[in-house]
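Undergrad:
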Amino acid sequence: MCPNVRLRMMKFQSLLRQYWPTVALFAFLLASWQVAVSAGGIREYLLPSPLAVWNALWHGDTAWAQHLWVTTLEIVGAFFLAAGVGVALGVAIAWSPLIANALVPFLVFVNTLPKVAIAPLFLIWMGYGIFPNMLMGALIGFFPVVINTAVGLSQVEADMLDLGRVFNAPKWKIFVKIRIPNALPYILSALKITATAAVVGAIVGEFVASQRGLGYVIVTTQSSMNTSVAFAALIWISVVGLVLYGAVVLLARLWAPWAEGID
Amino acid sequence: MNKELIGLDRVGMTYEAASGPVEALAGISLSVGAGEFVSLVGPSGCGKSTLLRIVAGLRPATVGTVTVAGRAVREPIPDIGMVFQAPILLKWRSILQNVLLPAELAGKDATALQGRAQQLLDMAGLTGFGDKLPRELSGGMQQRAALCRALLLDPPLLLMDEPFGALDAMTRDDMALELLRIWGERDLAQSARKTVLFVTHSIGEAVFLSDRVVVMSPRPGRIAADLRIDLPRPRTVELRASEAFGRLSLDIFRALTGRVGAAGTA
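In C-alpha cells form, the structure reads like this:
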C-alpha cells in the first residue's frame, strides 16, 4: 500500500512538472484578458470578458443542452460515417487493383473539391436537419482514413507475404491475420484527423443551414451582437472536439499498444 | 552423400528490369543430400537469395529444373521452414502466437501445436518469453523466435537467408553455436537432421556451420566452387582457431575473389 501511494505521488509530481507551464500560461492569459477588458474599457460586444463568457455559459437564456446535443450528434455521426466508409473504401482499394484503379482518381478529385462549397447544395438536396451536417463532417473527414487504411494494408514486409505463400494461405486469411492488424495503427492515426475534421464539417454545415446546434448559435449572435454567447458556444465546441479526440487517442493506446508513437 | 533432397539442374533466372532483361543466375547445377548443411556464399547481388527463393518455389526459374524430395518445384512448397535476415515477427502478437503463425496460415489446428511451440521456445532458450511482445526481446532473441517459427511444422528443409546478418558479431557467433545445437549436431544422426540451405556473407560463419560451402560468382550468379568442409562435428569455438579452419576460409576467399595463391594482395 505504502509504496503504491508513493508511486502515485511521484507520478502526480512528474505530471505537475510537465504541465505547470501550460496551466500557468493559460491562467496568465485569462487574467490579462479580464484585466484588459475591465480596465481597458473594451466594449462587451467586441470582446466580452472571461467572466461574461462564464456567465453566458451557465446563466444565459441559451438552451445549451439542446444545441450541444444536436451538434454532438452531428459530430459523432460524421466521425463514425467517415470511419466506416473510409475503412471500407481503403480495404476495397487494397483488395483489388481493379477497384483501386477505378476509385483512386475519383477520390482524389472529390478530396480536392472545397467541401464548404458543396454545403449549399446539401441544403437544396436534403433541406435542414442533422443528417446533411453529419454528411458534411464525414465528407471532410473520410479521405485520410481511406488513404491510411490502404497504405497500412499494403505496408507488409515482402518476406512476411512469402511466408503466407509458402503455407498456401488464402488471401482473406492474410488480410485478417496480417494486413488488417498491420493497418490498425495507421487507421487510428487517421481517425485523429477525422475527429477534428468532423467538428469542422458539422459547424460549417450549421453555418449554412440549421435551426439548432452550436454553429447555429454562433450565427445568430452576429445579429444580436451577443458576443459572449458566441464565445460560450466556441467553448462547448472545443469541449466536444477534445472529448472525441481524447477518445480516439485512448482507443489507439488500447487497440494498438505496440504502435505507440507511430504518428 | 545421403539421398538427394534438393536437385538443381542447369537453373537460370532472368528478370525484366527497366533497362532490359537482367540475368541473375546462370547454369546452376547443385545437389544437396538429406541432412546436409550447405552454405551459399557470394558477393552482394550474385543471386544467392534469389536461388533460395527458387528452391522454395516463391520465384520461378526461367530455365532448368528444380526438384525437392524428388518432386518438381513449380509453385511454393509447404514443407520448408524459412528464416530471413529480419525476424519479421508480427508486432501485435506474443512470441508464442508468432511461433504458431505457420499453423494458422497452413490451416492447421494451432492449439494442438501449442505444446510443440513451447518446447521449441524452451530449446531456443526463450523459456518464459512466450507471452512477451516481440519489441520486448533483443534482436538475437527475436531471431531465435523466428527460427522456432520456421521449425514449428517440423519441415525437412530449412532455408535461411542471412539469418544472422543483422546481429552484432558476438551475438552472431553465439547464434551459430545455438543453431547447430538446435539442428541436432550432437544428438541426431545426420540422416535425422534437417537439410539446411544457408545464405551468408560471412566466410567464417559458412565454414563453422557447414558440411559444404558453395561459392557463387558475381552476376550472373554461377557456382564458382563447391568445397567440402571436413571439420569434425560437433563444432566448437576452439575450432575457429585451428589451422584447418583457416585453410578452408582461405580457399573460400580465393574462390570468391577468383584469385589463386594471391590472397590478401590487392
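So the sequence lines, in the order shown, correspond to chains A and B.
Mapping the first sequence onto the numbering used here, position 142 (from 1) lands on 142, and the numbers just tick up by one.
Mapping the second sequence onto the numbering used here, position 7 (from 1) lands on 270, and the numbers just tick up by one.
In this text, a Cβ means the ideal position worked out from N, Cα and C, and glycines have one as well.
Source: prediction; values computed, not measured.
#1: What are the start and end residues of the beta strand (DSSP E) that includes phenylalanine 167(A)?
#2: I want to verify the contact list: residues of chain A whose CB lies under 9 Å from the CB of alanine 369(B), in sequence order.
#3: Excluding sequence positions up to five away, which residues of its chain have a Cβ less than 7 Å from the Cβ of aspartate 159(A)?
#4: Does valine 176(A) pass the burial test, meaning 16 or more other C-beta atoms within 10 Å, or should it be called exposed?
#5: Say whether the segment 177-194 of chain A touches the segment 75-88 of chain A, bearing in mind that this needs 3 or more beta-carbon pairs closer than 8 Å, one atom from each stretch.
#6: Do alanine 232(A) and alanine 56(A) have their CB atoms nearer than 8 Å?
#7: If we count Cβ pairs, one from each stretch, closer than 8 Å, do we get three or more for the segment 438-451 of chain B versus the segment 487-503 of chain B?
#8: Going by alpha carbons, who is nearest to threonine 520(B) out of Ala413(B), Pro397(B), Asp493(B), Ile486(B)?
#9: Can you name the residues of chain A whose CB is closer than 7 Å to the CB of isoleucine 351(B)?
#10: Could you check whether the Cβ of leucine 251(A) sits closer than 8 Å to any Cβ belonging to chain B?
#11: Relative to the C-alpha of threonine 221(A), which residue among Leu30(A), Ile93(A), Trp95(A), Thr62(A) is closest?
#12: Per DSSP, which residues does proline 284(B) bridge with? Please list them.
#13: Whose Cβ in chain B lies nearer than 7 Å to the Cβ of tryptophan 258(A)?
#14: My output table needs one value for threonine 325(B): the three-state DSSP class, helix, strand or coil.
#15: Between which two residues does the beta strand (DSSP E) carrying isoleucine 118(A) extend?
#16: Show which residues of chain B have a CB atom less than 8 Å away from the CB atom of isoleucine 180(A).
#17: Consider the Cβ of phenylalanine 300(B): report whether some Cβ of chain A lies at a distance smaller than 8 Å.
#18: Per DSSP, what kind of secondary structure is phenylalanine 300(B) in: helix, strand or coil?
#19: On a CA-only basis, which of Pro144(A), Leu153(A), Ala119(A) is nearest glycine 201(A)? Give me that one, please.
#20: Just checking: is the beta-carbon of leucine 254(A) within a distance shorter than 8 Å of some beta-carbon in chain B?
#21: Closer than 8 Å, CB to CB, is leucine 163(A) near chain B or not?
#22: Across which residues does DSSP place alanine 138(A) in a beta bridge pair?
#23: Pair every Cβ in the segment 302-314 of chain B with every Cβ in the segment 464-484 of chain B, then say whether three or more of these pairs are closer than 8 Å.
#24: So with CB distances below 9 Å, who are the chain B contacts of lysine 173(A)?
#25: Give the DSSP-derived three-state secondary structure of isoleucine 351(B) in the structure shown.
#26: Use the C-beta contact count for leucine 46(A): other C-beta atoms within 10 angstroms, 16 or more gives buried, fewer gives exposed.
#27: Is the beta carbon of alanine 197(A) less than 8 Å from the beta carbon of glycine 137(A)?
#28: So if DSSP puts methionine 479(B) in a beta bridge, which residue, or which two residues, is it bridged to?
#29: Could you name the residues of the same chain whose beta carbon sits closer than 8 Å to that of glutamine 405(B), not counting the 5 residues immediately before and after it, in chain order?
#30: Can you list, in chain order, the residues of its chain whose CB lies under 8 Å from that of leucine 244(A), leaving out five sequence neighbours each side?
#31: Go ahead and pull the three-state DSSP assignment for valine 539(B).
#32: Drop a sphere of 10 angstroms on the beta-carbon of proline 21(A), count the other beta-carbons inside from all chains shown, and report buried for 16 or more, exposed for fewer.
#33: Could you check which residue in Leu421(B), Ala439(B), Pro419(B) has the C-alpha nearest to that of phenylalanine 427(B)?
#34: For isoleucine 262(A), I'd like the list of residues in its chain whose CB is within less than 7 Å of its CB, leaving aside the five on either flank, ordered along the chain.
#35: Tell me where the alpha helix (DSSP H) around valine 104(A) begins and ends.
#36: Using 8 Å as the threshold, is the C-beta distance between glutamine 348(B) and aspartate 424(B) below it?
TA: Let's see:
#1: Premise fails: phenylalanine 167(A) is in no beta strand (DSSP E) and is neither H nor E.
#2: Val166, Phe167, Asn168, Ala169
#3: none
#4: By the neighbour-count rule (16 or more Cβ atoms within 10 Å), valine 176(A) is not buried but exposed.
#5: yes
#6: yes
#7: yes
#8: Ile486(B)
#9: Glu157, Asp159, Met160
#10: no
#11: With distances taken between Cα atoms, threonine 221(A) lies closest to Thr62(A).
#12: Glu279(B)
#13: Lys354, Trp355, Leu396, Arg398
#14: coil
#15: Careful: isoleucine 118(A) lies outside any beta strand (DSSP E) and carries neither H nor E.
#16: The contacting residues do not exist; isoleucine 180(A) stays about 10 Å from chain B at best.
#17: no
#18: strand
#19: Ala119(A)
#20: no
#21: yes
#22: Looking at the DSSP assignment, alanine 138(A) forms no beta bridge with any residue, so it has no partner.
#23: Yes, the segment 302-314 of chain B touches the segment 464-484 of chain B.
#24: Glu367, Leu368, Gly370
#25: coil
#26: exposed
#27: yes
#28: Ile486(B)
#29: Around glutamine 405(B): Pro350, Leu352, Pro397.
#30: Residues of the same chain with a CB within less than 8 Å of the CB of leucine 244(A), apart from the 5 flanking positions on each side, are Ile75, Val76, Phe79, Ala195, Ala198, Val199 in chain order.
#31: As displayed, chain B neither begins before 264 nor continues past 529, which places residue 539(B) out of reach and without an answer.
#32: exposed
#33: Ala439(B)
#34: The pLDDT assigned to isoleucine 262(A) is 47, lower than 50, so where the model puts this residue is not dependable; a value taken from the coordinates is nonetheless given after this. Excluding its 5 nearest sequence neighbours in each direction, isoleucine 262(A) has C-beta neighbours in its own chain below 7 Å: Pro185, Ser189, listed in chain order.
#35: 97-112
#36: yes
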